[in-house]
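In what follows, a single structure is set out as structure tokens and then discussed.
Chains as they are written, first to last, in my numbering: chain Z, 1 to 180; chain S, 1001 to 1120.
See the structure below:
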């Protein structure tokens, strides 16, 4: 058990590259290792955080606008909900919230819960700013103070080491690790 | 009614976050974001008991929030979610064994207070 940084390291690629370097392969071979077409699409933890926040803010934004168009949903029958999905704004909102769920779970697989929750709460600030600049909603003094406190809290937590929880298992969704 | 909905927001929401974190830590780090790998990830998560309970619990919390928002205004609904920042930090320390220094304690408290003010 160790403590990772929460950024996936690249054991497979690095190992193959080092092995080729040591066996004095040609530059072309080395380049082909780096440009390997079956390379996984790696994202930095920072990028995943941005995706979580953006999909959350836009997902809720589209969903609430769409549901406003559809009208109140107070029914236990499935038909009104299916009807709501036909609204493009509702469908876009739901699709974005599915992206949010996958990215949020991926983030939790890499870093601490006590890091994820405060850091992703920057979405409250984005929602408030979007209300001000896109919808021209007024922002009260209390809300500005709130925005300031959230930003301060997020910047404090963002300075900590993202992962302190023990690493239980290595990645299960990397293709070449399964082959090793 | 309001208290019941508030409990239905905080308790399943907190349980969902803890279970999802446990499940995802057991799954291993998600490193590959190609669509094919994401589909494989979803298939393996469907068989992960922690996530299989965590995600529905998250849905319960989400629908309870929607229901509360439809009968009460935001200033009633949000204190519950703001309180959960500190609660979940405490639980992350004791249940998930995360190491929480002063920066995280102060940060989580500031965020909780900030969210409260932003929503009012």
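Even for Gly, the Cβ is constructed at its ideal location relative to N, Cα and C.
All of these numbers come straight from a predicted model, not from anything done at the bench.
Alpha carbon of residue 128(Z) to alpha carbon of residue 140(Z), nearest angstrom: 11 angstroms
Name, going along the chain, the residues of the stretch 45 to 66 of chain Z whose beta-carbon falls closer than 7 angstroms to a beta-carbon of chain S. Legend: CB atoms of the stretch 45 to 66 of chain Z lying less than 7 angstroms from CB atoms of chain S are not found in any residue.
Rounded to whole angstroms, what's the CA-CA distance from residue 1103(S) to residue 64(Z)? Just pull it up for me. 34 angstroms
Does residue 1013(S) get closer than 7 angstroms to chain Z when you measure Cβ to Cβ? no
Taking its Cβ as the centre, do 16 or more other Cβ atoms sit within 10 Å of residue 114(Z), making it buried, or is it exposed? Buried is the call here.
Would you please verify whether the beta carbon of residue 165(Z) is less than 7 angstroms from any beta carbon of chain S? So yes, residue 165(Z) belongs to the interface.
Give me the Cα-Cα distance between residue 1026(S) and residue 173(Z), rounded to the nearest whole angstrom. 13 angstroms
In its own chain, which residues sit with a C-beta less than 7 angstroms from the C-beta of residue 1084(S), not counting the 5 before and 5 after it? 1010, 1013, 1014
Give a yes or no on contact between the stretch 1040 to 1052 of chain S and the stretch 48 to 64 of chain Z, applying the rule of three or more CB pairs nearer than 8 angstroms. no
Cα-Cα separation between residue 1036(S) and residue 41(Z), rounded to whole angstroms: 10 angstroms
Could you give the distance in angstroms between the alpha-carbon of residue 160(Z) and the alpha-carbon of residue 1089(S)? 14 angstroms
Which residues, in chain order, does the stretch 1084 to 1102 of chain S contribute to contact with chain Z at a C-beta distance below 8 angstroms? 1085, 1088, 1089, 1092, 1093, 1096, 1097, 1098, 1099, 1100, 1101
Boundaries of the alpha helix (DSSP H) in which residue 1023(S) is found, first to last residue: 1002 to 1027
Which of helix, strand or coil DSSP assigns to residue 42(Z): In the structure shown, residue 42(Z) falls within a strand segment according to DSSP collapsed to helix, strand and coil.
If you count every other CB in all the chains shown that lies within 10 Å of the CB of residue 179(Z), and 16 or more means buried, which is it? Because residue 179(Z) sits at a pLDDT of 38, beneath the cut-off of 50, its placement in the model cannot be relied upon, and the following sentence gives the value as read from the coordinates. Exposed is the call here.
Counted within 10 angstroms of its Cβ, other Cβ atoms place residue 1033(S) as buried (16 or more) or exposed: buried
Step through the CB atoms of chain C and report whether any lies within less than 7 angstroms of the CB of residue 87(Z). Here the protein chains are Z and S, and chain C is not one of them.
Quick one: does residue 185(Z) have its CB under 7 angstroms from some CB of chain S? Outside the modelled stretch of chain Z, which goes from 1 to 180, sits residue 185(Z), for which no answer is possible.
Cross-chain neighbours of residue 128(Z) in chain S, by beta carbon under 7 angstroms: 1118
7 angstroms Cβ cutoff met for residue 89(Z) and residue 66(Z): yes
Ordered along the chain, which non-local residues of its own chain (more than five positions away) have a Cβ less than 7 angstroms from that of residue 1005(S)? 1064, 1067, 1068
Comparing the C-beta of residue 29(Z) with each C-beta of chain S, is any distance below 7 angstroms? Contact with chain S is absent for residue 29(Z), since none of that chain's Cβ atoms lies less than 7 angstroms from the residue's Cβ.
Exposed or buried, residue 1080(S), counting other C-beta atoms within 10 Å across all chains shown (16 or more means buried)? buried
Any idea which residues DSSP pairs residue 1032(S) with across the strands? According to DSSP, residue 1032(S) bridges with 42(Z).
What residues in its chain sit with their C-beta under 8 angstroms from that of residue 84(Z), if we drop five residues either side in the sequence? 66, 67, 70, 73, 90
Go ahead and label residue 61(Z) buried or exposed: buried means 16 or more other beta carbons lie within 10 angstroms of its beta carbon, across all protein chains shown. The residue is buried, with at least 16 neighbouring Cβ atoms inside 10 Å.
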